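J.:
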Amino acid sequence: MPFEPDSNASAAPLTQPNPSATARPRLSVIGTGYLGATHAVCMVELGYEVIGLDVDEAKIKALCAGQIPFFEPGLPELLAKHIDSGKLRFTTDFAEVAAFADIHFVCVGTPQQKGQYAADMTYVRSAFESLAPHLNRRALVVGKSTVPAGTAEQMATILAELAPNKEVELAWNPEFLREGFAVADTLAPDRLVFGVRSEWAEQTIRSAFEPVIATGTPVIVTDFATAELVKVAANSFLATKISFINAMAEVCEATGADVIQLADAIGHDARIGRRFLNAGLGFGGGCLPKDIRAFIARAGELGVDQAVSFLRDVDEINLRRRARVVELGLELVDGSYAGTKVAVLGAAFKPNSDDIRDSPALDVAAAVGRRGARVQVFDPQANANARRVHPELSYADSLDEVIDGVDLIMLLTEWQEFRSMDPETVGQRVARRNLVDGRNVLDPIQWRSSGWVYRALGRP
Ligand code: UDX
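Quick note on our numbering: the sequence shown kicks off at -4 and runs consecutively.
1. Consider the C-beta atom of F239 and the heavy atoms of ligand 1; say whether any pair is separated by less than 7 Å.
2. Under 8 Å between the Cβ atoms of I55 and T87?
3. Counting only the same chain and skipping the five closest in sequence on each side, list residues whose C-beta sits under 8 Å from that of R443.
4. A144: which of V339, I153, D286, E44 sits nearest, CA to CA?
5. What's the gap between the Cα of D366 and the Cα of A318?
6. Using 8 Å as the threshold, is the segment 90 to 100 in touch with the segment 131 to 145, meaning 3 or more CB pairs across them?
7. Please give me, in chain order, every unbroken run of the alpha helix (DSSP H) with length at least 4 that falls completely inside the segment 149 to 220.
8. Given 7 Å as the limit, tell me if F171 has its C-beta closer than that to any heavy atom belonging to ligand 1.
9. Determine the burial state of K161: buried for a count of at least 16 other Cβ atoms within 10 Å of its Cβ, exposed for fewer.
10. With K54 as the anchor, note down where its alpha helix (DSSP H) starts and where it stops.
11. Please classify P386 as buried or exposed, where buried requires at least 16 other C-beta atoms within 10 Å of its C-beta.
12. Over the uninterrupted beta strand (DSSP E) stretch that includes K336, give me the two end residues.
13. Less than 8 Å separating the beta-carbons of V101 and V50?
14. Using C-beta distances below 7 Å, list every residue in its chain close to I351, excluding the 5 sequence neighbours before and after it, in chain order.
15. Taking all protein chains shown into account, decide if H263 is buried (16 or more other Cβ within 10 angstroms of its Cβ) or exposed.
16. Tell me where the beta strand (DSSP E) around G138 begins and ends.
17. For F(-2) and P128, I'd like the C-alpha separation in whole angstroms.
18. Could you check whether the Cβ of L272 sits closer than 7 Å to any heavy atom belonging to ligand 1?
19. Specify whether the segment 401 to 410 and the segment 328 to 343 touch according to this definition: at least 3 beta carbon pairs, one from each stretch, less than 8 Å apart.
20. Taking the continuous alpha helix (DSSP H) assigned at N380, which residues delimit it?
21. May I ask you to list the residues that DSSP assigns as paired with A147?
22. Whose C-beta lies closer than 7 Å to the C-beta of A16 among residues of the same chain, with five residues either side of it excluded?
23. At a cut-off of 7 Å, would you count C102 as near ligand 2, judging by its Cβ distance to the nearest heavy atom?
24. Among the residues of its own chain, which have a CB less than 8 Å from the CB of Q441, if the five just before and after it don't count?
25. With a threshold of 7 Å (Cβ to nearest heavy atom), would G275 be considered close to ligand 1?
26. Quick one: any contact between the segment 164 to 182 and the segment 211 to 226, if contact means 3 or more CB pairs under 8 Å?
27. Can we count N230 as close to ligand 1, meaning its CB is less than 7 Å from some heavy atom?
28. Examine the Cβ distances between the segment 277 to 292 and the segment 179 to 191 and report whether three or more of them are shorter than 8 Å.
29. Taking 8 Å as the CB-CB limit, is E164 close to chain D?
30. Please find out if some non-hydrogen atom of ligand 1 comes closer than 7 Å to the beta-carbon of E419.
31. Under a three-way DSSP split, which group does T117 fall into?
32. Which same chain residues, not among the five before or five after I200, have their C-beta less than 8 Å away from its C-beta?
33. Comparing alpha-carbon positions, which option in K109, G277, L403 lies nearest N241?
34. Considering Cα atoms alone, identify which of I237, A294, A426 is closest to R270.
35. Can you list, in chain order, the residues of its chain whose CB lies under 7 Å from that of P8, leaving out five sequence neighbours each side?
36. By DSSP, does I404 sit in helix, in strand, or in coil?
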C-alpha cells in the first residue's frame, strides 16, 4: 500500500517514540555526489529504506561495490554496514526509483557556469525532467540542491506538466552539511528548513525526518523562496565572516597588529563569536565561492544587485589572500622563485577532505610553479585529485618526502599531520628553514626559536 503521512503528526509531542520502520516512507536520492551519497547512506542509518540514483554508471558501480568515490570520514563504514542489509541499493534507472519511493530527494550539483558567475542548472532541470514522467503515484519531490531563488517555482511547473499523477508535489529542503563532518551534520543537523505549499507536503517531509525531529532539532516551515534563500544567505554570511577577518589581517599587516589575538578578542563578544574567524588563505571548495557568485548573478537578474554588491568585495578579499601568500613566499626566497625547491603542504580546500574544487592551496602551488619554482605537493588524501587537474606539479607520498631538501615550506591546508610538525625534526630535512604558515596554525615563537624564518598572514 502506498505510504500516506499521518495527518496528526504535527500535533504529536517530540518525545513520541519513532513509528515502526514499516510505517516509514521509502526514499530515493537522485544524484550521488558528496551531498547525495551522504544523504542516502545516513537516511538508511536513520531507519529508512533508500534507493540512490546517478546517471554516472561508474559512480553507481562503485557504490554498489561498497565504495564511496570521495573521502569523507565515517561514510565508508556506514555504507558497508548498510549495503548488505537490503535497505540501500543504487540504480541508474528513473523508472525503478519512481516505482520504489514515496519521497524523492534531488541532490544533484549546481556548479558555477564556465566564464560566468551564475550557477549551471542543467543537472537540476535534467533530474526533474527525467523523474517526472515516471511518477504514476502520489509522491513528494524534495529539492536539496543549492539553487538560485525562483528555481523551485520552475521545478514545480515541470512536475505539474510532466508527472502523470497530478497529486505529485514539490518541497524545498536546503542542506547545510560541511565536508569532513557530513555524516554528523546529516544525522544531527542544527536545523531543518522545509519550503512547502500544502499541509500534505509538510507532513510528508516531516515523516522523512521523523527520527531527527524527535531529538528536538528546530524545524522552520516556510515558502519556496525563503527555503532557497536560507542556503545562499547562510553561505554568504559565512564567506563574509571569513573575508572580514582576512580584511582585518591586511590591516594588521600594515599596523604591526596580530590578527589571531584580534579574532580572539572580538570573538569573546557572543554577538560576534569566534567560529569562522580564522584568518589565512581563505575559503574555497564546491560551495562558498560559487554560491556567493551565483547569488550576485541572481540578485542582478532580480534587480537587487546593490543589495549584495558587498559580496564582490568578499570574493576579492578572498582571492587576494592567495596572491599575498605567493608574495610572502617570494620574500623568503630572496625575491625570485626561479630554481628554488618548494614544498606545498596540502592540496584539498580544507582538511579532512579530498575535494580540490577552487582550492586556495592548489592555486598557490600552481602560481609558485609558474614563477619558476620546482613545486612538490603533498596532501594526505587529495594528491590523486590534484594530479588530475595540475599534472604539471609533482607530488610526494609523505610529509618526510615532500620537505626533503627544500628552500621553502608553504603550509596551505591545515591537516592535523602538518599542525603537529616538530620544527627541529622538520628543520633537519630541509635545505633552508623558511616557512609560510598560510593557515595560521603553527606557533611562531616555537618555530622562530628553532631558527626558522616564519611568515604568516596578518601577524608580525
Ligand atoms: C560550507 C558550509 O559551511 C556548509 O554549511 C554548506 O552546506 C557548504 O559550504 P564546506 O564547503 O564543507 O561547507 O566547508 P567549510 O567548513 O564551511 O569551509 C569553507 C572554506 O572556508 C574552507 O576552505 C576553509 O578552509 C575556509 N575557512 C573556514 C576559513 O578560511 N576560515 C574559517 O574561519 C573557516
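Yeah, the Cβ is synthetic: ideal placement off N, Cα and C, and Gly gets one too.
Just so it is clear, the structure is predicted and the values come from calculations on it, not from any experiment.
T.: So, to answer that:
1. No.
2. yes
3. Y449
4. D286
5. What sits at residue 366 in the sequence shown is Arg, not Asp. Spanning the two alpha carbons is a distance of roughly 12 Å.
6. yes
7. 177 to 182, 194 to 203, 205 to 209
8. yes
9. It counts as exposed.
10. 52 to 59
11. Residue burial is scored here from C-beta neighbours: P386 has fewer than 16 other C-beta atoms within 10 angstroms and is therefore classed as exposed.
12. 336 to 340
13. no
14. Hits under 7 Å: A342, A343, F344, L357, A377, N380, A381, V384.
15. exposed
16. 135 to 138
17. For the pair F(-2) and P128, the Cα-to-Cα distance works out to about 20 Å.
18. yes
19. yes
20. 378 to 384
21. None; A147 has no bridge partner.
22. Per-residue confidence for A16 stands at a pLDDT of 47, beneath the threshold of 50, marking its modelled position as unreliable; the derived number appears in the next sentence. Here the set comprises G42.
23. With respect to ligand 2, the structure offers nothing, as its ligand set consists of ligand 1.
24. P418
25. yes
26. yes
27. It does: the Cβ of N230 is within 7 Å (strictly closer) of some heavy atom of ligand 1.
28. no
29. Given the protein chain composition of this structure (a single chain), no chain D is represented.
30. no
31. helix
32. I98, L135, V137, A166, N168, F189, V191
33. G277
34. I237
35. With a pLDDT of 36 at P8, under the threshold of 50, the modelled position of this residue cannot be trusted, and the question is left open.
36. strand
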